[in-house]
Amino acid sequence: MSEAWLVVALVGGATVAIKAIGPVLLGGRPLPGRVQSVVGLLAPAVLAALVVTSVLASGRDLVLDERLIGIGAAVVALVFRAPILVVVVAAAVATATARALL
Amino acid sequence: MSSERSEPNEPGLSFGGGARAVLPLTIAVAGFGISYGLLARSAGFPPLAAVVMSGTTFAGSAQFASASILEAGGAVASAVTAAILLNARYGPIGVTVAPVIGGGFWRRFLTAQLVVDESWAVASRGDGTFDRGRLVGAGLLLYAAWTSSTAVGALGGGFLGDPNVLGLDAAFPALFLALLWPQFRTRRALAAALLGAATAVALVPVAPPGVPIVSAGVACLVGWRR
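First to last, the sequence lines map onto chains A and B. Residue 1 is where the first sequence starts when you use the numbering used here, and the numbers rise one by one after that. Residue 103 is where the second sequence starts when you use the numbering used here, and the numbers rise one by one after that.
Okay, structure coming up:
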């Protein structure tokens with residue numbers, strides 16, 4: 001088996017298992033009260049972590065680049081209560097424009 | 103915590119709602135799917151292997167990381183470790199959606215595979231509960247876009263060029279921020295978001311990619327226990 005197929009099998013198998021474990025073991029039942037109150041905070045914490053890492057991280061480096069201008073445009077759109085489509089497009093257009101000009 | 107929402111929760115409606123919510127992102131997802139297909143080919147993946155990886159792993163960052171490591175001449179073990187660290191967040195994320203994923207073993211198992219950052223984010227009701235229809239609608243659309251665009255890239259479709267030139271990489275944080283925005287109204291959620299963001303930024307320079315995001319989740323758990 002080639003290295004590529006080995007990676008496909010190992011990463012695919014591990015990811016399928018990681019994604020399945022919660023729903024397979026706990027699926028269809030309400031979470032215990034204490035767990036549920038943690039889960040309510042997990043979403044904002046992980047979403048915020050995804051925002052900052054996808055704007056600032058480049059591998060293990062923290063960089064300030066055109067993505068920051070894109071997220072700035074998204075914030076402006078959100079302040080003006082724009083729909084999500086407008087927020088997403090504003091971020092992409094601002095980033096692309098900055099990359100073309102800077 | 104009450105989860106009262108005025109909008110109807112019929113499965114058909116929320117299924118379409120989830121698909122519509124991620125529709126603007128499918129262009130970005132397809133752009134990165136094509137570039138993943140191209141990268142996988144240059145890392146020595148046969149086209150079928152690239153598509154099988156998108157169909158089973160179905161997680162962009164882990165796929166890019168493992169293919170980049172192989173392409174740079176890295177070991178299989180490092181490629182696999184990097185990808186697993188990047189996907190570790192799907193353990194806790196799976197627990198958060200478990201209450202709405204019911205049915206028999208295979209139904210739970212397969213529905214769980216549709217969970218990716220974007221489908222999870224649009225399915226979140228903002229109070230710790232999730233909408234199964236939106237999760238499945240968004241997940242299926244993203245799955246179709248990701249696997250088919252991987253095939254296009256792996257079969258040599260480099261016509262789109264670099265998706266970063268189009269600013270498509272900025273579309274993902276913009277979506278996550280837009281979904282996070284309404285949650286800033288409650289102090290607890292705002293505190294969790296700030297703690298999560300601070301934890302992730304602090305760990306980026308010192309931990310392998312993926313670890314900062316999982317740790318952000320753990321930090322909010324520790325904060326809550328105090």
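Think of the CB as a built atom: it goes at the ideal place given N, C-alpha and C, for glycine as much as any other residue.
Return the residue from the list B/D233, B/A169, B/A321 and B/A300 that minimises the CA-CA distance to B/A200. B/D233
From B/P307 to B/A293, what distance separates their C-alpha atoms? 23 Å
Tell me, please, whether the CB atom of B/S180 is closer than 8 Å to any CB atom in chain A? no
On the DSSP letters alone, give me the boundaries of the alpha helix (DSSP H) that B/T55 sits inside. Limits of chain B in this structure are 103 at one end and 328 at the other, which puts residue 55 of chain B out of reach.
Alpha carbon to alpha carbon, how far is B/P165 from B/M155? Checking the displayed sequence, the identity of residue 165 of chain B turns out to be Gln instead of Pro. Their backbone Cα atoms lie some 8 Å apart in a straight line.
Proximal chain A residues relative to B/F278, where beta-carbon distance stays under 7 Å: L47, L50 and V51
Could you say if the segment 226-242 of chain B and the segment 29-46 of chain A meet the contact criterion of at least three C-beta pairs nearer than 8 Å? yes
Give the secondary structure of A/A17 by DSSP, where H, G and I count as helix, E and B as strand, and everything else as coil. helix
Which chain A residues sit within Cβ distance under 8 Å of B/A174? Going along chain A, no residue has its Cβ under 8 Å from B/A174, so there is no contact; the nearest lies around 12 Å.
Member of A/P23, A/V87, A/V24 and A/P44 whose CA lies at the smallest distance from the CA of B/T301: A/P44
Chain-ordered residues of the segment 279-292 of chain B with a beta carbon less than 7 Å from chain A: L279, A280, L281, L282, W283, Q285, R290 and A291
Kindly identify the DSSP beta-bridge partner or partners of A/D61. A/S58
Measure from the C-beta of A/P44 to each C-beta in chain B and report whether the shortest distance is under 8 Å. yes
Based on Cα-Cα distance, which residue from B/L242, B/A225, B/S180 and B/T249 lies nearest to B/G216? Just to set this straight, residue 216 of chain B is Leu in the shown sequence, not Gly. That would be B/L242, whose Cα lies nearest to the Cα of B/L216.
If distances are taken between C-alpha atoms only, which option among B/I203, B/P314, B/A321 and B/A272 comes closest to A/R99? B/A272
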